[in-house]
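**Q** Taken in order, the sequence shown gives residues 217 to 984; the numbers are from the working numbering.
For each residue, glycine too, the CB sits at the ideal point set by N, CA and C.
Predicted model, so just to flag it, every value in this text is computed and none were measured.
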Amino acid sequence: MIFIFCATVFAQEGKFLIKQIHIKGNRKIDTKTLLSKLNIKEGEPFSPEAIQKEIKKLYGLGYFDQIEASTDPFEGGILLLFTVYEKPDLSDISFEGNDHLRTETLKEKLSLKVHTFIDSVQIANDVKTIMTLYEKEGYANASVLPVLNRLSDSKTTLTFVVQENDPTYIKKIRLEGVSAFPEEKIKKKLDTKEYFWFPPWVGESERYQEEKLSSDMEKIKDFYLNEGYLQVQVGAPSVILNEDKKSSVITFQVSEGASYKIDSIRIEGNLFLSSETLLAVTHARVSETFSKETVGSDIRKMTSLYGESGYLFANVVPEIVPNAENKTVALTYIVTEGVPYKIRNINIRGNDKTRDKVIRREIRQNEQETANTQLLRRSLQRIHNLNFFEDINLVPQKVGDGGAKRPGEQSGREGVEGATQAPAMVDLNVEVQEKSTGTLTLGGGYSSVDRFVGQFEINQGNLFGRGQLLRARAEFGSRRNAYTLTFREPYLFDSTYSGQTDLFNQSQTFDTYKERKTGGDLILGKSFGEHISSSISYTLETLRVFDLNTKAPFPPQLVKTEAERGGTVTSAIGFSIARDTRDFIFDPKEGTRHALSLEYAGTFLGGDNAYYKTVLDSSRYFPAWREEVFSLHGRVGFADGIAENLLPVGERFFVGGINTVRGFRFGKAGPLTSAVVINGGNKELFFNAEYLIPFAKEAGLKWVLFYDIGAAFGDTESIALSELREGAGLGIRWISPVGTFRAEWGYNINPKPGEKDKEFEFSIGTIF
217 MIFIFCATVF AQEGKFLIKQ IHIKGNRKID TKTLLSKLNI KEGEPFSPEA
267 IQKEIKKLYG LGYFDQIEAS TDPFEGGILL LFTVYEKPDL SDISFEGNDH
317 LRTETLKEKL SLKVHTFIDS VQIANDVKTI MTLYEKEGYA NASVLPVLNR
367 LSDSKTTLTF VVQENDPTYI KKIRLEGVSA FPEEKIKKKL DTKEYFWFPP
417 WVGESERYQE EKLSSDMEKI KDFYLNEGYL QVQVGAPSVI LNEDKKSSVI
467 TFQVSEGASY KIDSIRIEGN LFLSSETLLA VTHARVSETF SKETVGSDIR
517 KMTSLYGESG YLFANVVPEI VPNAENKTVA LTYIVTEGVP YKIRNINIRG
567 NDKTRDKVIR REIRQNEQET ANTQLLRRSL QRIHNLNFFE DINLVPQKVG
617 DGGAKRPGEQ SGREGVEGAT QAPAMVDLNV EVQEKSTGTL TLGGGYSSVD
667 RFVGQFEINQ GNLFGRGQLL RARAEFGSRR NAYTLTFREP YLFDSTYSGQ
717 TDLFNQSQTF DTYKERKTGG DLILGKSFGE HISSSISYTL ETLRVFDLNT
767 KAPFPPQLVK TEAERGGTVT SAIGFSIARD TRDFIFDPKE GTRHALSLEY
817 AGTFLGGDNA YYKTVLDSSR YFPAWREEVF SLHGRVGFAD GIAENLLPVG
867 ERFFVGGINT VRGFRFGKAG PLTSAVVING GNKELFFNAE YLIPFAKEAG
917 LKWVLFYDIG AAFGDTESIA LSELREGAGL GIRWISPVGT FRAEWGYNIN
967 PKPGEKDKEF EFSIGTIF
C-alpha cells in the first residue's frame, strides 16, 4: 500500500474536513460502486488511520494491484484522491503438458475464469486443485507451474505448465481380514491390479485411481454377498505411498461374517402369474447358498415374464430375513404387478433423413396390441442392425391406466394365473439419432494376399432415406483389380422379399497364371419369421485364364486346361437358406448363424461350364467376461464338375490365409502341385475359434486370439481329419465406419519341410 499525503494538511490532522472524494485509474469498476464501499464520507474530519482502513477495504475487493491515497487543499478543506491500478484482465487460460487429463476437464475445476481479474490466491488454489485431480488419477509426482504472460497493462494470459511424470503404480493390494477365500480369487474381481514387471509401462488397471478404489470396495462386497456373507463389511481403503511416490500399497479392511443358506423362498403380491410359473424361471434354491447375483437375475427374469404379457412396469423387490442362529435366510419376492398395457400409438422421432416406414417395418410390436417386451427387444435389435443410427431408444410412455380391479384383489395376495383387467395404454416412442450412412473412401495400403492395393468406394447404405444400398467399389493393386457395382432393396415393393443385383469385373494374378471374371448376378431373397431367410440367384459370368507361366515348376494341369480353352461362360443358379440369431450382425456378441448354399452351373443354362458347389457354414458367439466375446466358426464345402466337365479353377476351394486357416499363405493349407504352387481343392473343411478383447471400445479396436484348423482336399482325396493343418496366433481388429480391418500374426503349429512357421497378414491398412 502506498500513502501520499500533502505535508501541510498532514501537520494539521483532524483540523480539516474532507470536502470531496475522487477516485481515478478505474477502468472496469464503476466509481459509484467503489465509493459505496467506503465508510468515510465527504464532510467528515480527515484521519490517516481511517484512510488506511479504507485502502485495506479496497484491496480486499481483489480488483487492484496497487492503491495510492493523496490530499490537496480544496475550498477550505481537503480533496481526498484514491488512485487505483487495476489488476490485468485474464484474457486466456491454457495448459501445456497435460497428456492424461483433457484441458476441458481441468478448466471445469478451476475457480479462475477468463475475463476476470488475476488473483494470486486463486491461482495458488487452482494449482492445488490440478494437483489433486492428478493424484486421484494416480499421478502423485505430477507438478504444476503457473506462468503469467503480460500482454499489456490491462491484459494477461495464464498458462498452467504440467509435468505429469510417471504414474504411481500399485505395488501391492492387501486384503486384511480375509480368511474364507484365497485372496487371489477376490483380486481377480477388482478393476485395480498389482503391477507386473512386464510390460515395462504401467497399465491402466495397475495405476492408482481413487475412483476405481471406490468401485472395488463394492466389488469385494458383492463377491461376499454372492457367497452368502450377508453381514460383510468393507472399509475404505488405505493408500500408502513410498517416499518417492512412485509406488503404493493399497489395503482393504474386510469383516467377513458368516455365510447364509436359503431356508425358504416365497412370492407375494402376484395375481396374474402363479407362484409356480414365476419360480420356474428362477435359479435360487432352498438349502443353497444365498447369492445376490442370483437373486438379481431372478428378478430380471420375473419382470421380463410379466413384460411379455403387457405388465411393462411390474416391479419385484426381494425381502431378505436372516436367522443369525441358524445362518439361514427367508427369501420373499414381493411383486407389484401394476396393470397390463396396450400400445396406443408408435411415434418415431429423430429421423430427419430416414423415412418412417424404414424404421416402422422393423418394429415387431403392433399398435392396439398388448405390449410385449420380447417383441420390443427384437424390434430394438432389428433397428440396430440397419446400422443407420448412433443411438436408439424405445420408450413406453403412459397415457392411461386400466380401471378394472383384478380378480382376487380384495380376497388375498395370491390369485389365479391368467386373472386379467382392462388394459391401460402406452405410446411407444422410438427415439433415434441418425448417423452418416454415406461414405466416400479413398484408401491405400498393403495386403498380405493382394500386395500393394488402392481403394476407392462410394457407399450409401440408406439411399434417399429409403433403406436401399448403392455401392460402387474399385480395388486396384499389383496382384488384384476388382470393380463392383451393387444395388440392394431390402423390402422389394414393400414386401417380405428382397432384391439385389451386382455387376463385377475382377482380375487376379497368381504365382503361375492370371484369371479374369466379368459378369453379374440377380438375387431374390425372402425372410421367414424372425430369423430364417433364403434366396435364389442367377449368375452369368465369363472366366478367362491367361498369361500361363510355362516355365514355372509343376504348373497345375487344371490351369493348363483352362488356358487352352480360352474364355468360358458360366451360367449358374443358386439357392441359400440361413438362420441368423446374432444380436448385431456387424459386430456380434451373442447368437448363431447357420447357412447352407447350393450352386449349379450347366450347359443347358447357356454356359460352357457345368459343376455343382455346396457349402455349409456355421458360427456361434458367446458373451464372455465384460465386453469380451468367444466365437466358433466352421465351414465344409464340396464341389465338382458334372459329367466330363472339369471344375473351373476359379470355383475351387483355397484354404490358407486370413479368411480360412491363419499361419499359412493363401491356398497353402490345401493340395499343392509342388511346395510352392497351389492347386486348390474340390473339398474343404476348416474351423476357427476366436476370443475378442476390446481395448479401445470407442475406437472399435479389439485384440484377437485365435486357433484355426482345416484344409482343402484334391479330386482324388477324401476329407481326412488327420490331414488338417493347424494355426494359432493373435491380432488386432478395427471395426471402422467403412468396414472391418484386420492385422493378424498366425503361427503354423506343425510346419512341413519348406514351409514358413508364421505368417503376418492384414487387409487394407490405411484410409486417407
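What is the DSSP secondary structure of valine 877, reduced to helix, strand or coil?
**A** Here residue 877 corresponds to residue number 661 of the sequence shown, with the count starting at 1. Note: valine 877 maps to coil in three-state DSSP.
**Q** Suppose the cutoff is 7 Å on Cβ atoms and the five residues either side in sequence are ignored; what does the same chain contact list for proline 706 look like?
**A** Numbered from 1 along the sequence shown, position 490 holds the residue referred to as residue 706. Excluding positions up to five away in sequence, the list reads Gly683 and Ser714.
**Q** At 4 residues or longer, and completely inside the stretch 410-470: list those alpha helix (DSSP H) runs for me, N to C.
**A** Runs of the alpha helix (DSSP H) inside the stretch 410-470: 426-441.
**Q** In this structure, how does DSSP classify tyrosine 350 when only helix, strand and coil are distinguished?
**A** The residue labelled residue 350 in the question sits at position 134 within the sequence shown. Of the three classes helix, strand and coil, the one that applies to tyrosine 350 here is helix, per DSSP.
**Q** Let's test the definition: count the other Cβ atoms within 10 Å of the Cβ of phenylalanine 976 and tell me whether it reaches 16, buried, or not, exposed.
**A** Indexing the sequence shown from 1 puts residue 976 at position 760. Phenylalanine 976 is exposed by the Cβ-count criterion.
**Q** Comparing alpha-carbon positions, which option in Leu457, Arg809 and Glu443 lies nearest alanine 474?
**A** As a working note, residue 474 is residue 258 in the sequence shown. Cα-wise, what sits closest to alanine 474 is Glu443.
**Q** Checking 9 Å against the spacing of the C-beta atoms, do valine 551 and alanine 640 come in under that value?
**A** Against the sequence shown, residue 551 aligns to sequence position 335. Against the sequence shown, residue 640 aligns to sequence position 424. Not in contact: valine 551 and alanine 640 (Cβ atoms no closer than 9 Å).
**Q** Would arginine 598 count as contacting chain B if we go by Cβ distances under 9 Å?
**A** Reference to chain B is not applicable here, since this structure consists of a single protein chain.
**Q** Taking 9 Å as the threshold (C-beta atoms), are glycine 897 and glutamate 933 in contact?
**A** Here residue 933 refers to the residue found at position 717 when the sequence shown is read from its first residue. Here residue 897 refers to the residue found at position 681 when the sequence shown is read from its first residue. Yes; because the gap between Cβ atoms is below 9 Å, this pair is in contact.
**Q** In this structure, how does DSSP classify glycine 943 when only helix, strand and coil are distinguished?
**A** Taking the sequence shown and counting its residues from 1, one reaches residue 943 at position 727. Glycine 943: strand per DSSP, three-state reduction.
**Q** What is the rounded straight-line gap between the Cα of phenylalanine 770 and the Cα of asparagine 861?
**A** Taking the sequence shown and counting its residues from 1, the one referred to as residue 770 is at position 554. Taking the sequence shown and counting its residues from 1, the one referred to as residue 861 is at position 645. The predicted position of phenylalanine 770 is uncertain, since its pLDDT is 46 and thus under 50; no value can be drawn from it.
**Q** With distances taken from CA atoms, which of Gly790, Phe726 and Asn314 is nearest glycine 741?
**A** As a position in the sequence shown, residue 741 is number 525, starting the count at 1. Out of Gly790, Phe726 and Asn314, Gly790 has the C-alpha closest to the C-alpha of glycine 741.
**Q** Do you know offhand how far lysine 428's Cα is from threonine 408's?
**A** Looking up residue 428 in the sequence shown gives position 212. Looking up residue 408 in the sequence shown gives position 192. The alpha-carbon atoms of lysine 428 and threonine 408 are separated by roughly 7 Å.
**Q** By a C-beta neighbour count over all protein chains shown, 10 Å radius and 16 as the cutoff for buried, is proline 398 buried or exposed?
**A** Along the sequence shown, read from residue 1 onward, the residue named residue 398 stands at position 182. It counts as exposed.
**Q** By Cβ distance below 6 Å, which residues in the same chain neighbour leucine 921 in space, the five residues on each side in sequence not counted?
**A** Here residue 921 is taken as the residue at index 705 of the sequence shown, counted from 1. Cβ neighbours of leucine 921 beyond the five flanking positions: Tyr907 and Leu946.
**Q** What is the DSSP secondary structure of tyrosine 729, counted as helix, strand or coil?
**A** The residue you call residue 729 lines up with position 513 of the sequence shown. Note: tyrosine 729 maps to coil in three-state DSSP.
**Q** Is DSSP giving arginine 501 helix, strand or coil here?
**A** Position 285 of the sequence shown, counted from the start, is the residue given in the question as residue 501. In the structure shown, arginine 501 sits in coil (DSSP, three-state: anything other than H, G, I, E or B).
**Q** By the three-class DSSP mapping on this structure, what secondary structure does histidine 331 have?
**A** Position 115 of the sequence shown, counted from the start, is the residue given in the question as residue 331. Coil at histidine 331, not helix or strand.
**Q** Secondary structure at glutamine 236, three-state DSSP: helix, strand or coil?
**A** Within the sequence shown, the letter at position 20 stands for residue 236. Residue state, collapsed to three classes: strand.
**Q** Does the separation of the CB atoms of tyrosine 549 and isoleucine 599 fall below 9 Å?
**A** Here residue 549 is taken as the residue at index 333 of the sequence shown, counted from 1. Here residue 599 is taken as the residue at index 383 of the sequence shown, counted from 1. Taking 9 Å as the Cβ cut-off, tyrosine 549 and isoleucine 599 do not qualify as a contacting pair.
**Q** Using beta-carbon positions only, say whether tyrosine 828 and leucine 814 come within less than 9 Å of one another.
**A** Position 612 of the sequence shown, counted from the start, is the residue given in the question as residue 828. Position 598 of the sequence shown, counted from the start, is the residue given in the question as residue 814. Yes, the pair counts as a contact, with Cβ atoms nearer than the cut-off.
**Q** Select from Gly873, Thr375 and Ala587 the residue whose C-alpha is nearest the C-alpha of arginine 958.
**A** In the sequence shown, counting from the first residue as 1, residue 958 sits at position 742. If we check each option's Cα against that of arginine 958, Gly873 comes out closest.
**Q** Kindly confirm or deny that the stretch 537-544 and the stretch 600-609 touch, where touching means at least three C-beta pairs closer than 8 Å.
**A** Counting Cβ pairs under 8 Å, fewer than three are found: no touch.
**Q** Would you tell me roughly how many angstroms separate the C-alpha atoms of tryptophan 961 and glycine 783, rounded to the nearest one?
**A** Here the question's residue 961 lines up with position 745 in the sequence shown. Here the question's residue 783 lines up with position 567 in the sequence shown. Their backbone Cα atoms lie some 38 Å apart in a straight line.
**Q** Taking the alpha-carbon positions, what's the isoleucine 456 to proline 534 distance?
**A** Within the sequence shown, the letter at position 240 stands for residue 456. Within the sequence shown, the letter at position 318 stands for residue 534. Between isoleucine 456 and proline 534, the C-alpha separation is close to 40 Å.
**Q** Please classify aspartate 973: is it buried, with 16 or more other beta-carbons within 10 angstroms of its beta-carbon, or exposed?
**A** Taking the sequence shown and counting its residues from 1, the one referred to as residue 973 is at position 757. Its Cβ having fewer than 16 others within 10 Å, aspartate 973 is exposed.
**Q** From which residue to which residue does the beta strand (DSSP E) around proline 538 run?
**A** By 1-based counting over the sequence shown, the position of residue 538 is 322. Unbroken beta strand (DSSP E) run through proline 538: 531-539.
**Q** So glutamine 581 is in the beta strand (DSSP E); what residue range does that whole segment cover?
**A** As a working mapping, residue 581 is identified with position 365 in the sequence shown. Run containing glutamine 581: none; DSSP gives neither H nor E here.
**Q** Could you tell me how far apart the beta carbons of leucine 297 and histidine 331 are, in whole angstroms, since I believe they sit closer than 8 Å?
**A** If you number the sequence shown from 1, residue 297 lands on position 81. If you number the sequence shown from 1, residue 331 lands on position 115. Incorrect: roughly 29 Å between the Cβ atoms, too far for contact.
**Q** Using the Cβ count rule (16 or more neighbours within 10 Å means buried), how would you classify glycine 853?
**A** As a first step, residue 853 must be located in the sequence shown, where it is residue number 637. Looking at its Cβ environment, which holds 16 or more other Cβ atoms inside 10 Å, glycine 853 is buried.
**Q** For the structure I just gave you, are there three or more beta carbon pairs, one from the stretch 556-567 and one from the stretch 641-658, closer than 8 Å?
**A** With the cut-off at 8 Å, the stretch 556-567 and the stretch 641-658 touch.
**Q** Using three-state DSSP, classify histidine 600 as helix, strand or coil.
**A** Position 384 of the sequence shown, counting from 1, holds the residue named residue 600. Residue state, collapsed to three classes: helix.
**Q** Are the stretch 582-592 and the stretch 522-531 touching, with three or more C-beta to C-beta distances below 8 Å?
**A** Result yes; three or more Cβ-Cβ pairs closer than 8 Å.
**Q** Measure the alpha-carbon distance for aspartate 281 versus lysine 244 and round it to whole angstroms.
**A** For this step, residue 281 is matched to residue 65 along the sequence shown. For this step, residue 244 is matched to residue 28 along the sequence shown. Going by the C-alpha atoms only, they are around 14 Å apart.
**Q** Would a C-beta distance cut-off of 9 Å place isoleucine 739 and threonine 717 closer than the cut-off?
**A** Translated into the one-based positions of the sequence shown, residue 739 becomes position 523. Translated into the one-based positions of the sequence shown, residue 717 becomes position 501. Contact: yes.
**Q** Among the candidates Leu274, Gly293 and Lys558, whose CA atom is the shortest distance from the CA of proline 261?
**A** As a working note, residue 261 is residue 45 in the sequence shown. Of the listed residues, the one whose Cα sits closest to proline 261 is Gly293.
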